[in-house]
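*Asks:*
Numbering (mature numbering (1 follows the signal peptide of the UniProt record, and there is no 0)), first residue to last: -18 to -1, 1 to 496.
Following this line, the structure appears as structure tokens:
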């Protein structure tokens, strides 16, 4: 029963962590300059709220369960807190922007369709022009909200593009042909994978701070006055750093960096992740130095261990690293993902966390096995529960070197990556929408006053004049007449051209193309 409850806990936590970033991000329009800034701020506050909750967990609940030996109180408090959180979430439902999912929206299904159809069409040749690949018109694409243009092919993309080849002898069904948009969604996810795997090593380092550093605390002086700090509460150190630094980052660093970079988040998401990776390598190097000091003092006088707060150096730096990397990844995967795959892509952040923890176990076992054979004492670097006779510092330095190499790998993929969309340039005026911002006829300037003025880009909607008899005979679906004023030789002659309307009838909507 206990393990079953742990499984339910993991299932519920996975659902919340995967859905919450996407749900919160959907409340903002990243194309709007004000809401783009608010979106970046949201992920920072999400991290802060998670950090504050973790602070309560590693202090109050740990104290009840370890010092007072009341385990049931720890689970009861967590249950009540979860119920309160669910109630608050439910009360806000009428105010949320919720995108109703459909079966066709399932990211797993859409990915599977592209792979299956691409394999089935692997022997077919791609058309000469990407315009011949299958796509549906935007008017028939109501539930997808966006159409993604075709990108230049590379070897993998050429294979995926074959999923959009229109079959000649069969109907166009989701399992026989995929749209270009659907193929591009899979391409975007494949471009994200190198970034995802580049952060696994950092989470491997995090696993050490939550395991071996806690073990180090058991061999250190944990007293603050007359109070004995529980070893399980040691992770409060990075949480305190993060609780202080997140508001400082949001209120001071981001506005300052925004003035320089003109980016809504201050710095780009990949730059933020890169800073975190560098700091994680520094944290592991310092962790090795602190372990040498702790072990040397234990060998000199085991009754006078060094203070627990020596761990604050490695914990503090890694807390800053986590602040940069976690929020950077969440915002990166949310912004870059296709609209229908944002929950899936933000879950990648937590997927790297699980990969890092599994890799940590592999590293410990492999390094112990190798060093046990090569060392003169026939003991591995990390053997048994007595850290005073182990070489944990060497393991920390191994992770520091590995983190440096991983950072170089990350630099390569980050420089190779091209963002899906550029941030909109709000300094330029928006193009006029002729369907909603028609200028009345009385605002047409006198041609005699237009001399010397460049009017080649101005389009004014004209009312139908009596002499435009030919225009009256035309169907209304062809749109209004547009007066295009151009700079002519005499500076005052204007030409009347017939312009298409942005309003389409049902018969004029774009049909599927092949």
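Glycine included, every Cβ here is placed at the ideal spot set by N, Cα and C. Source: prediction; values computed, not measured.
Distance check for residue 391 and residue -8, CA to CA, integer angstroms please.
*Replies:* As a position in the chain shown, residue -8 is number 11, starting the count at 1. As a position in the chain shown, residue 391 is number 409, starting the count at 1. C-alpha separation (whole angstroms): 32 Å.
*Asks:* Within this structure, are the beta carbons of residue 238 and residue 369 separated by less than 8 Å?
*Replies:* Here the question's residue 238 lines up with position 256 in the chain shown. Here the question's residue 369 lines up with position 387 in the chain shown. No.
*Asks:* Taking the alpha-carbon of residue 252 as reference, which of 5, 389 and 93 has the nearest alpha-carbon?
*Replies:* For the purposes of this step, residue 252 is identified with residue 270 of the chain shown, where counting begins at 1. For the residues 5, 389 and 93, the minimum Cα distance to residue 252 belongs to 389.
*Asks:* Below 8 Å, can you find three or more Cβ-Cβ pairs linking the region 380 to 388 to the region 169 to 186?
*Replies:* The region 380 to 388, when compared against the region 169 to 186, does touch it at the 8 Å Cβ threshold.
*Asks:* Less than 8 Å separating the beta-carbons of residue 318 and residue 401?
*Replies:* Residue mapping note: residue 318 aligns to position 336 of the chain shown, counting from 1. Residue mapping note: residue 401 aligns to position 419 of the chain shown, counting from 1. Yes, the Cβ-Cβ distance between residue 318 and residue 401 is below 8 Å.
*Asks:* Which residue spans inside the region 146 to 183 form an unbroken alpha helix (DSSP H) run of at least 4?
*Replies:* Runs found: 162 to 180.
*Asks:* Just curious, the alpha helix (DSSP H) that residue 251 is in, first and last residue?
*Replies:* Residue 251 sits at position 269 when you count from the first residue of the chain shown. 251 to 282 is the span of the alpha helix (DSSP H), which, as asked, contains residue 251.
*Asks:* Under a three-way DSSP split, which group does residue 88 fall into?
*Replies:* On the chain shown, position 106 is the one that residue 88 refers to. Correct three-state label for residue 88: coil.
*Asks:* Pop quiz: residue 29 and residue 165 are said to be a contact at Cβ under 8 Å. What is the actual Cβ separation, rounded to whole angstroms?
*Replies:* Residue 29 sits at position 47 when you count from the first residue of the chain shown. Residue 165 sits at position 183 when you count from the first residue of the chain shown. About 34 Å; that fails the 8 Å criterion.
*Asks:* What residue does the alpha helix (DSSP H) around residue 199 start on, and which one ends it?
*Replies:* Numbered from its first residue, the chain shown carries residue 199 at position 217. It spans 194 to 200 - the alpha helix (DSSP H) in which residue 199 sits, taken as one unbroken run.
*Asks:* Let me check understanding here. Comparing Cα to Cα, which of 109, 244, 308 and 277 lies closest to residue 18?
*Replies:* Here the question's residue 18 lines up with position 36 in the chain shown. Per the Cα distances, 244.
*Asks:* For residue 328, which of -14, -1 and -6 has the nearest alpha-carbon?
*Replies:* As a working mapping, residue 328 is identified with position 346 in the chain shown. Among -14, -1 and -6, the Cα nearest to that of residue 328 is on -1.
*Asks:* Quickly, what does DSSP pair residue 216 with across the bridge? List them, please.
*Replies:* In the chain shown, the residue the question calls residue 216 occupies position 234. For residue 216, which the question treats as bridged, DSSP gives no partner whatsoever.
*Asks:* Could you tell me which of 307, 226 and 320 sits nearest to residue 331, measuring between CA atoms?
*Replies:* Here residue 331 refers to the residue found at position 349 of the chain shown. Of 307, 226 and 320, the residue nearest in Cα terms is 307.
*Asks:* Of the choices 112, 225 and 234, whose alpha-carbon is the least far from that of residue 515?
*Replies:* Outside the shown range of the chain, which is -18 to 496, sits residue 515, and nothing can be said about it.
*Asks:* Is residue 301 near residue 224, with beta carbons less than 8 Å apart?
*Replies:* Looking up residue 301 in the chain shown gives position 319. Looking up residue 224 in the chain shown gives position 242. Yes, the Cβ-Cβ distance between residue 301 and residue 224 is below 8 Å.
*Asks:* Taking the DSSP output, what are the residues bridged to residue 375?
*Replies:* Residue mapping note: residue 375 aligns to position 393 of the chain shown, counting from 1. For residue 375, which the question treats as bridged, DSSP gives no partner whatsoever.
*Asks:* Using the Cβ count rule (16 or more neighbours within 10 Å means buried), how would you classify residue 67?
*Replies:* For the purposes of this step, residue 67 is taken as residue 85 along the chain shown, with counting starting at 1. Burial call: exposed.
*Asks:* Under 7 Å Cβ to Cβ from residue 293, same chain only, skipping five residues before and after it: list those, please.
*Replies:* On the chain shown, residue 293 is found 311 positions in, with the first residue counted as 1. Once the five neighbours on either side are set aside, the close Cβ partners of residue 293 are 195, 198, 199, 216, 219 and 272.
*Asks:* Would you tell me roughly how many angstroms separate the C-alpha atoms of residue 255 and residue 335, rounded to the nearest one?
*Replies:* Locating residue 255 in the chain shown gives position 273, counting from the first residue. Locating residue 335 in the chain shown gives position 353, counting from the first residue. Near 14 Å, if we compare the C-alpha coordinates of residue 335 and residue 255.
*Asks:* So what's residue 78 in DSSP terms, helix, strand or just coil?
*Replies:* Within the chain shown, numbered from 1, the residue matching residue 78 stands at position 96. Residue state, collapsed to three classes: coil.
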